[in-house]
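Engineer: Numbering of the sequence shown is given in the working numbering, commencing with residue 83 and proceeding in unit increments.
Cβ coordinates follow ideal geometry from the N, Cα and C atoms, glycine included.
All figures in this text were calculated on a predicted structure; none of them were measured in a lab.
I have a structure here, written as structure tokens, and I will follow up with some questions on it.
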Amino acid sequence: MGANLAHSAPTTRPRLGPVAWLAILSAVPVTMAVLAFVVFPLFYGLWCTLTGTGLNNGGSATIVAGTPLGHEVEVFFTAKVYDKLPVEFTAERSHLVVRTGADAVTTYRFRNLSDKPVRFRPVHAIAPVQAAGKYVMRECFCFTDQEVEAHGERTFPVRFAFTASLDRRLATATVNYGLFHIDENAPPSAEQLRIKAAMEASGGIVSPPVGPL
């Protein structure tokens with residue numbers, strides 16, 4: 083059998099031209115941005131749920147409309163000034179009885195005791211740890227850095243809630259606020275760790291980031 087077998091021509095893969103490569107490379111940053119937009123909030127929300135409360139609006143827990151009200155909790159409010167800031171910082175009420183699943187409101191007052199404007203970073207911490215993950219921040223001066231003019235006074239409301247899923251055996255909780263000087267020259271990570279350590283030394287739980295670093 084002397085028939086010659088026909089050899090098929092080798093297949094060649096189409097080559098991408100410059101325009102195609104440009105389109106692919108242009109899509110990479112867009113894809114990364116989309117992934118960051120979707121993944122980071124999920125990661126941050128999980129972190130806050132595990133370690134306490136974040137500073138972003140809404141807190142680390144959510145209350146669904148129509149959720150039945152739960153038990154009463156006595157909430158204590160504390161205020162402390164760090165870094166020798168010349169600010170008088172007080173809570174309008176030292177404690178408040180709230181019901182889980184319902185919003186509550188209290189007020190904090192700042193008074194600048196110096197002849198110059200004072201800029202500071204407010205940070206909150208929740209105790210005990212069982213209450214931290216059930217704390218919902220609706221409105222708070224701690225979402226952004228604050229500044230008070232020389233000898234000026236400012237009053238801020240704080241609207242918050244504890245979810246109805248808070249352990250019924252927990253009858254008391256503490257919301258602790260601290261004011262910190264902002265060192266513009268310090269690395270953000272160093273400032274974050276410094277503030278976090280100071281607040282947690284007071285017995286509360288703080289979730290990073292502590293302020294808009």
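#1: Can you give the Cα-Cα distance for T188 and A246, rounded to whole angstroms?
#2: I need the boundaries of the beta strand (DSSP E) containing A255, first residue and last residue.
#3: Identify, in the order they occur along the chain, each residue of the same chain with its Cβ nearer than 7 Å to the Cβ of A213, setting aside the five sequence neighbours on each side.
#4: Whole angstroms is fine: what's the gap from L167's alpha carbon to R203's?
#5: Can you say whether H206 is buried or exposed, counting buried as having 16 or more other CB atoms within 10 angstroms of its CB?
#6: In the DSSP assignment, find the beta strand (DSSP E) that holds A186 and state where it starts and stops.
#7: I'd like to know if the segment 272-281 and the segment 169-180 are in contact, where contact means that at least 3 CB-CB pairs between them fall below 8 Å.
#8: Could you name the residues of the same chain whose beta carbon sits closer than 7 Å to that of R236, not counting the 5 residues immediately before and after it, in chain order?
#9: Could you tell me how far apart the beta carbons of F242 and A186 are, in whole angstroms, since I believe they sit closer than 8 Å?
#10: Is the beta carbon of F262 sitting closer than 7 Å to the one on D165?
#11: Using a Cβ-Cβ cutoff of less than 7 Å, which residues in the same chain neighbour F175 once the five nearest sequence positions on both sides are dropped?
#12: Give the range of the beta strand (DSSP E) segment to which A232 is assigned.
#13: For G234, count neighbouring C-beta atoms within 10 Å of its own C-beta (all shown protein chains included) and say buried if the count is 16 or more, exposed if not.
#14: Pick helix, strand or coil for A207, following the three-state DSSP scheme.
#15: In three-state DSSP terms, what is L178?
#16: For N260, tell me which candidate among Y190, V155, V157, E156 has the shortest Cα-Cα distance.
#17: What is the DSSP secondary structure of L132, reduced to helix, strand or coil?
#18: Taking all protein chains shown into account, do 16 or more other C-beta atoms lie within 10 angstroms of the C-beta of N139, making it buried, or fewer, making it exposed?
#19: In the structure shown, what three-state DSSP assignment does A246 receive?
#20: What first and last residue would you give for the beta strand (DSSP E) that runs through R220?
#21: Between N258, V155, I264, K162, which lies nearest to I208 when the distance is taken from Cα to Cα?
#22: Should N267 go down as buried or exposed, given a rule of 16 or more other Cβ atoms within 10 Å for buried?
Structural biologist: Let me spell this out:
#1: Pairing T188 with A246, the inter-Cα distance amounts to about 20 Å.
#2: Run containing A255: 254-263, per the beta strand (DSSP E) assignment.
#3: Excluding residues within five positions, the ones whose Cβ falls inside 7 Å are F244, L248, L252, A255.
#4: Rounded to whole angstroms, the separation of the alpha carbons of R203 and L167 is 11 Å.
#5: By the 10 Å Cβ count, H206 comes out buried.
#6: The continuous beta strand (DSSP E) containing A186 extends over residues 186-194.
#7: Touching, no, given that fewer than three Cβ pairs across the two stretches are closer than 8 Å.
#8: Closer than 7 Å at the Cβ level, and outside the excluded window around R236, lie F192, V230.
#9: In this structure, F242 and A186 form a Cβ contact; the two beta carbons are roughly 6 Å apart against a cut-off of 8 Å.
#10: In contact: F262 and D165 (Cβ atoms closer than 7 Å).
#11: It is Arg, not Phe, that sits at residue 175 in the sequence shown. In chain order, F159, T188 place their CB closer than 7 Å to the CB of R175, counting only its own chain and leaving out the 5 sequence neighbours on each side.
#12: From DSSP, A232 is part of no beta strand (DSSP E); its letter is neither H nor E.
#13: When all chains shown are included, G234 counts as exposed.
#14: The answer is strand: DSSP assigns A207 an E or B state.
#15: L178 carries a strand assignment under DSSP once its states are collapsed to helix, strand and coil.
#16: Strictly speaking, residue 260 in this sequence is Gly, with Asn absent from that position. Comparing alpha-carbon positions, the option among Y190, V155, V157, E156 lying closest to G260 turns out to be Y190.
#17: Per-residue confidence for L132 stands at a pLDDT of 36, beneath the threshold of 50, marking its modelled position as unreliable; no derived number is given.
#18: With a pLDDT of only 41 at N139, under 50, the local geometry of the prediction cannot be trusted, and the value read off the model is given with reservation. N139 counts as exposed, since fewer than 16 other C-beta atoms from the protein chains shown sit within 10 angstroms of its C-beta.
#19: Of the three classes helix, strand and coil, the one that applies to A246 here is coil, per DSSP.
#20: Run containing R220: 217-221, per the beta strand (DSSP E) assignment.
#21: Ranked by Cα distance from I208, the options N258, V155, I264, K162 are led by N258.
#22: Exposed: under 16 other Cβ atoms inside 10 Å.
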